[in-house]
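Residues in the sequence shown are numbered from 63 upward in steps of one, following this note's numbering.
Every residue, glycine too, gets a C-beta built ideally from N, C-alpha and C.
Please read all numbers here as calculations on a predicted model, not as lab measurements.
Okay, so here's the structure we're looking at.
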Amino acid sequence: MDRLQAVEIFVKVAELKSFSAAATALNLSRTLVSE
Numbered sequence: 063m064d065r066l067q068a069v070e071i072f073v074k075v076a077e078l079k080s081f082s083a084a085a086t087a088l089n090l091s092r093t094l095v096s097e
């Protein structure tokens, strides 16, 4: 994962207040999002 993707994930988690919801919205696994 590069820095840009990490920032995008961080922002989405902050917006949705949920790792699972962010993973679904970004079409990523929950494991990747929670790293």
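Inter-residue Cα distance where the pair is residue i and residue j
i     : j     : result
Glu70 : Leu88 : 9 Å
Gln67 : Glu77 : 15 Å
Asp64 : Arg92 : 17 Å
Glu97 : Leu90 : 12 Å
Leu94 : Ala84 : 11 Å
Contact belief for residue i with residue j at Cβ below 8 Å, rounded distance in angstroms
i     : j     : result
Val75 : Phe81 : 6 Å
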